[in-house]
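J.: Numbering (our numbering), first residue to last: 6 to 619.
So that we are looking at the same thing, I have put the structure below in structure tokens.
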Amino acid sequence: MKGITANEWSSFFNSSETSTASSSPAPSQTDIQLMTHSCPVTPQFYLIPQSWTFLLLCLTSTKSGAAAAPLPPHPSYLSQETAGQQSDVTQPTISLFTQKVQLYSPQSPRQQAISEAIVQDLIIGCCLPLSLVENGHFKHFLEVLDSKYTPISRKTVSERRIPELVRKVKETVLEKLKTQSSVSLTTDLWSDRRLRSFLGVTAHVCYKSKDCYALETYLLDCRRFTGRHTGEHIASAFEEITEEYGIRDKISYIITDNAPNMKCAFKVHMPQQQSDDSESEEDNLDDEHLWEDINSEEDIDLPWSSGERLSCFAHSLQLVVHDGMKEVKTISRTIAKTSKFATLLHSSSQFKDKFEAAFGTNKSVPAANTTRWNSTFKQVQALTTLEHKSLSEMCNKDYEDVVFSAREWNQLKELCIVLSPFAEATELTQGERSVTISMVVPTVLDLNTHLLKMEETRMQCRPLVRALQHGREEPFNHDVYFFAAMLDPQFGLSWVDLDVTNGAKCPRLLSRYKAHKKHSSSVQNSSIATQLNRYFNDIRDCDSDNALAFWGENQSKYPQLHNLALKVLSVPASSAPVERVFSRGGIVMRPHRARLGAKMLQSLIFLKCNETLL
């Protein structure tokens, strides 16, 4: 194609068609000369960027009415621009019309906040896997949520974020424990799905926030435990954890289950002081040392608490019931039939259909855990809510081995009546945020009263009742249980009236208190004995069921008694808190996460159980 002459350009720009198309001034003669410059590359039209704006049309296209395609800059113009003769305004490129997303910098508060929320709320809080951050769907979700956010990598989560949080939480726990003069611990062993053992230790304190007290629980560690589960080995690992937190000399009680290796561990770790059998009642540990006048308001050292081991109340109660039920063979056979019925219900679709046709879809009988009697109780309780006649009709033809006779049915009903208070007692003493140790003595005495009544009225379960009475006598006679009941204003000394056994007498600690009070006629108003006397009188008209709130409000009224009460009432009655740690560990270690390393599992459990400190 031939180049266009200068006259042709002038004629084109001076035409009415062009002038009406743009309000910009026409190009100068220099511009027109540049337009007609012959191009060494290709004989085509070139758009010359200038201050005026118009669409340069091919003359041929103009006549036909079709618009020409956008034209590239003329090479001569580009060479002039390179030489420093650039025009004031350049042609916009397509990139200027495309909006670029400006990503958050790594130090951006928004970037940091989203990353922290992913780790703390999803991976730790919801127990989602670490691989979540690399999941394509999750990345798309984040892009829709905030396109400026750069997804955090799994390596960053596992190698930097999680260890940083572990250090932060551990420092917080250390600072909180520094302010405590007394700490109670619970401990137990657990094995995950890969049969790796872990030793869990939880700490329990009474912490003051502003003007109110609250019980707080911290997981100190859920540490990988290798080797044999001997008492000496457990004691060594336990010692390392307590030394790490600097609480070796602050431990008041250690609550464990009744496993032989646990009993052995704390005979090795903290041997209990044995009393001399030749000592009289006057010289026992619950003697006048507790009631001696204390002139300062310093914390009271409990002479009977130097890291002493206590049996888990719930576990001890479980052993009493479990052993009692084994002693009665007729009940054992009936319970075995109940278990078989529940197994059929959860394994046979045909049996399940017949059950739902007879009782509806809202009824069921849960499977039982053989190691926990209360799960067996819940199973029997659920079964006995069904109508016996309808149940027999449902099973009569094809499932005769799970048909219950009238005698067996009555046994199950009586069993529920006998064991119902034991189940309630177990639930009552497994709390973590409320005082539980003060419940032990009133609960045991109430169970004693209950069993005496059952022995007279329940013929089918009389052997079980007698077995329960025999097994209940020894495990719960430690002094700390009596102190806790006395220092809980909702009980005080009212529990003494609950002991209906003939010949029952007031515990020795009360007789010592009375003897000391009798011989202390000139005690000062701040003494323990005087405070106790005033306390017992005051709580007669007190309807408070919150022991910690009571002692928070009356600290100045009973200064020494207040300190003693906080130490005693912060002791948990059972090892349920550490068992909950392992339940959370089971959630973290779900089947699809079975490859999770022991170190990472340990860290995730630690953070999950202490997530209120994050």
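Note that the Cβ used here is the ideal one computed from N, Cα and C, for glycine as well.
Across the stretch 106-117 and the stretch 129-136, are there enough close Cβ pairs to call them in contact, namely three or more that are closer than 8 Å?
T.: Flag = no, the stretch 106-117 and the stretch 129-136 do not touch.
J.: If we ignore side chains and look at the alpha-carbon of each, how far apart do phenylalanine 243 and threonine 448 end up?
T.: Reading the sequence shown from its first residue, position 238 is the one you call residue 243. Reading the sequence shown from its first residue, position 443 is the one you call residue 448. About 31 Å.
J.: CA-CA distance, asparagine 266 and threonine 235?
T.: Taking the sequence shown and counting its residues from 1, the one referred to as residue 266 is at position 261. Taking the sequence shown and counting its residues from 1, the one referred to as residue 235 is at position 230. Looking at the two C-alpha atoms, the distance is approximately 6 Å.
J.: Pick out the complete alpha helix (DSSP H) segments inside the stretch 320-395, 4 residues or longer, and give them in chain order.
T.: The stretch 320-395 contains these whole alpha helix (DSSP H) runs: 334-352, 354-364 and 378-389.
J.: By how many angstroms is the C-alpha of valine 370 removed from the C-alpha of leucine 396?
T.: In the sequence shown, counting from the first residue as 1, residue 396 sits at position 391. In the sequence shown, counting from the first residue as 1, residue 370 sits at position 365. Taking the straight line joining both Cα atoms gives about 12 Å.
J.: Considering Cα atoms alone, identify which of Ser532, Ala387 and Ser499 is closest to arginine 545.
T.: Translated into the one-based positions of the sequence shown, residue 545 becomes position 540. Taking only the C-alpha atoms, the option nearest arginine 545 is Ser499.
J.: Note the first and the last residue of the continuous alpha helix (DSSP H) segment covering tryptophan 556.
T.: As a working mapping, residue 556 is identified with position 551 in the sequence shown. First-last of the alpha helix (DSSP H) with tryptophan 556: 552-558.
J.: Mapping DSSP to helix, strand and coil, what is valine 586?
T.: The sequence position of residue 586 within the sequence shown is 581, counting from 1. Valine 586 falls in the helix class under three-state DSSP.
J.: Cysteine 132 and methionine 562 - do their beta-carbons sit closer together than 9 Å?
T.: As a position in the sequence shown, residue 562 is number 557, starting the count at 1. As a position in the sequence shown, residue 132 is number 127, starting the count at 1. It should be pointed out that residue 562 corresponds to lysine in this sequence rather than to methionine. Cβ distance not < 9 Å, so lysine 562 and cysteine 132 don't count as in contact.
J.: Just to confirm my understanding: we take serine 580, look at its own chain, exclude 5 residues before and 5 after, and list those with CB closer than 8 Å. What are they?
T.: Position 575 of the sequence shown, counted from the first residue, corresponds to residue 580. Contacts found: Thr191, Thr192, Asp193, Ile260, Thr261, Asp262, Cys317, Ala319 and His320.
J.: With DSSP as the reference, label arginine 1 as helix, strand or coil.
T.: No statement about residue 1 is possible, as the shown extent of the chain runs from 6 to 619 and does not include it.
J.: Using the rule of at least 16 other Cβ atoms within 10 Å of the residue's Cβ for burial, across every protein chain shown, is leucine 601 buried or exposed?
T.: Within the sequence shown, residue 601 is the residue found at index 596, counting from 1. Leucine 601 is buried by the Cβ-count criterion.
J.: Pick from Phe360, Lys181, Leu179 and Ser152: whose alpha carbon is nearest that of aspartate 403?
T.: On the sequence shown, position 398 is the one that residue 403 refers to. Comparing Cα-Cα distances from aspartate 403 to each of Phe360, Lys181, Leu179 and Ser152, the minimum goes to Phe360.
J.: Can you check DSSP and say which residues form a bridge with phenylalanine 230?
T.: Here the question's residue 230 lines up with position 225 in the sequence shown. Ser202, per the DSSP bridge assignment.
J.: Should glutamine 107 be labelled buried (16 or more other beta-carbon atoms within 10 Å of its own) or exposed?
T.: Position 102 of the sequence shown, counting from 1, holds the residue named residue 107. Burial call: exposed.
J.: On a CA-only basis, which of Glu437, Lys604, His351 and Asp493 is nearest glycine 557? Give me that one, please.
T.: Along the sequence shown, read from residue 1 onward, the residue named residue 557 stands at position 552. Measuring from the Cα of glycine 557, the nearest candidate turns out to be Asp493.
J.: Report yes if the C-beta distance between serine 575 and valine 210 is below 9 Å; otherwise report no.
T.: What you label residue 575 is simply residue 570 of the sequence shown in a count that begins at 1. What you label residue 210 is simply residue 205 of the sequence shown in a count that begins at 1. It is a contact, given that the beta carbons lie within the stated cut-off.
J.: Which same chain residues, not among the five before or five after cysteine 227, have their C-beta less than 7 Å away from its C-beta?
T.: On the sequence shown, position 222 is the one that residue 227 refers to. So the qualifying residues of the chain are Phe203, Gly205, Val586, Gly590, Gln607, Ile610 and Phe611.
J.: For a test of the three-state rule: what should DSSP assign to arginine 314, helix, strand or coil?
T.: In the sequence shown, counting from the first residue as 1, residue 314 sits at position 309. Looking at arginine 314 - three-state DSSP - the assignment turns out to be strand.
J.: What three-state label does DSSP hand asparagine 300 in the structure shown?
T.: By one-based count along the sequence shown, residue 300 stands at place 295. Its pLDDT being 39, under 50, asparagine 300 is placed unreliably by the model, and the measurement read from it follows with that caveat. Residue state, collapsed to three classes: coil.
J.: Taking DSSP as the reference, what is the three-state secondary structure of leucine 61?
T.: Here residue 61 is taken as the residue at index 56 of the sequence shown, counted from 1. Note on leucine 61: pLDDT 44, under 50, position unreliable in the model; no value is reported.
J.: What would DSSP say about alanine 578, mapped onto helix, strand or coil?
T.: Locating residue 578 in the sequence shown gives position 573, counting from the first residue. Three-state result, alanine 578: coil.
J.: Where methionine 464 and leucine 225 are concerned, what is the direct C-alpha to C-alpha distance, given to the nearest angstrom?
T.: For the purposes of this step, residue 464 is taken as residue 459 along the sequence shown, with counting starting at 1. For the purposes of this step, residue 225 is taken as residue 220 along the sequence shown, with counting starting at 1. Near 49 Å, if we compare the C-alpha coordinates of leucine 225 and methionine 464.
J.: To the nearest angstrom, report how far apart histidine 483 and threonine 617 are at their CA atoms.
T.: For the purposes of this step, residue 483 is taken as the residue at position 478 of the sequence shown. For the purposes of this step, residue 617 is taken as the residue at position 612 of the sequence shown. Looking at the two C-alpha atoms, the distance is approximately 33 Å.
J.: Which residues in the same chain as serine 280 place their Cβ atom closer than 6 Å to its Cβ, once the five residues preceding and following it in sequence are excluded?
T.: In the sequence shown, the residue the question calls residue 280 occupies position 275. Residue placement at serine 280 is flagged as unreliable, the pLDDT there being 39, under the threshold of 50; the coordinate-derived value follows with that caveat. No residues qualify anywhere along the chain.
J.: Quick check on histidine 483: does DSSP put it in helix, strand or coil?
T.: Position 478 of the sequence shown holds residue 483. Here histidine 483 sits in coil by DSSP.
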